[in-house]
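**Student:**
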Amino acid sequence: MGTIGTLARFAALPAEHITFYRLFLGALCLLVYMLASSKRSQILHRPGKRTLVNGAMLAGFMFFYIQAMNYTSMANAVMMVYLAPLVSAVFAHFIFKERLAFANVLAIALALLGFAMMMQFSLAASGSENEALGLFYGVLSLLTYSGFMLINRKPDKSTPYQSTLVQLLTGALCLLPLMLVSTPEISAAQALWLLAIGIIPGFIAILCAVKALRNLPAVTFGTLAYVEPVAVVCFAWSLFAETLTLLQLSSCTLIILAGISQGILTQRASTKAAKALA
Numbered sequence: 009m010g011t012i013g014t015l016a017r018f019a020a021l022p023a024e025h026i027t028f029y030r031l032f033l034g035a036l037c038l039l040v041y042m043l044a045s046s047k048r049s050q051i052l053h054r055p056g057k058r059t060l061v062n063g064a065m066l067a068g069f070m071f072f073y074i075q076a077m078n079y080t081s082m083a084n085a086v087m088m089v090y091l092a093p094l095v096s097a098v099f100a101h102f103i104f105k106e107r108l109a110f111a112n113v114l115a116i117a118l119a120l121l122g123f124a125m126m127m128q129f130s131l132a133a134s135g136s137e138n139e140a141l142g143l144f145y146g147v148l149s150l151l152t153y154s155g156f157m158l159i160n161r162k163p164d165k166s167t168p169y170q171s172t173l174v175q176l177l178t179g180a181l182c183l184l185p186l187m188l189v190s191t192p193e194i195s196a197a198q199a200l201w202l203l204a205i206g207i208i209p210g211f212i213a214i215l216c217a218v219k220a221l222r223n224l225p226a227v228t229f230g231t232l233a234y235v236e237p238v239a240v241v242c243f244a245w246s247l248f249a250e251t252l253t254l255l256q257l258s259s260c261t262l263i264i265l266a267g268i269s270q271g272i273l274t275q276r277a278s279t280k281a282a283k284a285l286a
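Counting the sequence shown from 1 gives a position; my numbering is that position plus 8.
(1) In whole angstroms, what is the alpha-carbon distance linking Ala204 and Tyr234?
(2) Less than 7 Å separating the Cβ of Leu31 from some heavy atom of the ligand FAD?
(3) Look at the alpha carbon of Gln170 and the alpha carbon of His53, and state the distance between them as a whole number of angstroms.
(4) Where does Arg107 land, buried or exposed, given buried means 16+ other C-beta within 10 angstroms?
(5) Given a cut-off of 8 Å on the beta-carbon distance, is the pair Leu39 and Val95 in contact?
(6) Go to Lys219, then tell me how far its alpha helix (DSSP H) extends in each direction, as first and last residue.
(7) Please state whether DSSP places Ile51 in a helix, a strand or coil.
(8) Could you give the DSSP three-state label for Met42: helix, strand or coil?
(9) Taking just the CA atoms, how far does Arg30 sit from Leu176?
(10) If you draw a straight line from the C-alpha of Leu15 to the C-alpha of Trp201, how long is it?
(11) Is the beta carbon of Ala85 less than 8 Å from the beta carbon of Gly146?
(12) Taking just the CA atoms, how far does Trp245 sit from Gly13?
(13) Beta-carbon within less than 7 Å of Leu120's beta-carbon, same chain only, minus the 5 sequence neighbours each way: which residues are those?
(14) When the Cβ atoms of the segment 110-124 are set against those of the segment 52-72, are three or more pairs found closer than 8 Å?
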């Protein structure tokens, strides 16, 4: 997921075009993969309403996030989006009965603290006259991202491959009208970057996210999701010479440790449950 910012910078195209090609090319890659493997029989199926709704959630999250950055600072938009894993964990506590132990809450708190450190504890206003509108779009991106994670956590008859294919196609169709409003010329180099966007953060990343959400509690997935902004910072540092402060370096360490801790806690809980059943 963290590669999208770097690839988008190289592609140098409007955000709605990048998002559309990420979803559409991702769906094509998944379709080719399923046709070339033993999963071709899964392609033709009747998608459930929940899967279609989640495709719209996926498109909505990306669109509202882009809109939020147009009206408020990137710091505000990113901070609000990354509250989604915490919101999802709280909802999963009540909806899916995924009880939050004290250690789980502590790991989430450490991840959030690490992310705040990476933002250098700044939620700076952009000075825009439409600041309130930007924050409104930020809230919508938060809610749609939370919905995406929670809906994928709910048991479904479709396989992860079927669910991912439908969600990618539905999201692309939702964004198609926005993309057709402007039609910039795309060079051969930009086309290659768009292909990379479709394969890496489109096909591979979203398929892995759906498969992970089918097998992990929302609290674990939510904590591990904080590795994404760390990856973005590392890419910016290594590829674009954007420097990191000591506080930001410390935040990366804290976020990764929180993710590892959450994984250990989940493994211990699974082992304990297996022993109890035995």
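Note that the Cβ used here is the ideal one computed from N, Cα and C, for glycine as well. What you are looking at is a predicted structure, and each value in this text was computed from that prediction instead of being measured.
**Tutor:** With the structure as the only source:
(1) In the sequence shown, residue 204 corresponds to position 196, counting from 1. In the sequence shown, residue 234 corresponds to position 226, counting from 1. If you take the alpha carbons of Ala204 and Tyr234, they lie about 23 Å apart.
(2) This structure lacks the ligand FAD, and indeed carries no ligand of any kind.
(3) By 1-based counting over the sequence shown, the position of residue 170 is 162. By 1-based counting over the sequence shown, the position of residue 53 is 45. For Gln170 and His53, the distance between alpha carbons rounds to 8 Å.
(4) Within the sequence shown, residue 107 is the residue found at index 99, counting from 1. With fewer than 16 other Cβ atoms within 10 Å, it is exposed.
(5) Numbered from its first residue, the sequence shown carries residue 39 at position 31. Numbered from its first residue, the sequence shown carries residue 95 at position 87. Not in contact: Leu39 and Val95 (Cβ atoms no closer than 8 Å).
(6) Numbered from 1 along the sequence shown, position 211 holds the residue referred to as residue 219. Residues 213-223.
(7) The sequence position of residue 51 within the sequence shown is 43, counting from 1. Correct three-state label for Ile51: coil.
(8) For this step, residue 42 is matched to residue 34 along the sequence shown. It is helical.
(9) By one-based count along the sequence shown, residue 176 stands at place 168. By one-based count along the sequence shown, residue 30 stands at place 22. Cα to Cα, the separation comes out at about 9 Å.
(10) Numbered from its first residue, the sequence shown carries residue 15 at position 7. Numbered from its first residue, the sequence shown carries residue 201 at position 193. Looking at the two C-alpha atoms, the distance is approximately 6 Å.
(11) The count along the sequence shown starts at 1 and reaches residue 85 at position 77. The count along the sequence shown starts at 1 and reaches residue 146 at position 138. Yes; because the gap between Cβ atoms is below 8 Å, this pair is in contact.
(12) As a first step, residue 13 is located in the sequence shown; it is residue number 5 there, counting from the start. As a first step, residue 245 is located in the sequence shown; it is residue number 237 there, counting from the start. In a straight line, the C-alpha of Gly13 is about 13 Å away from that of Trp245.
(13) Indexing the sequence shown from 1 puts residue 120 at position 112. Same-chain partners within the cutoff: Leu94.
(14) no
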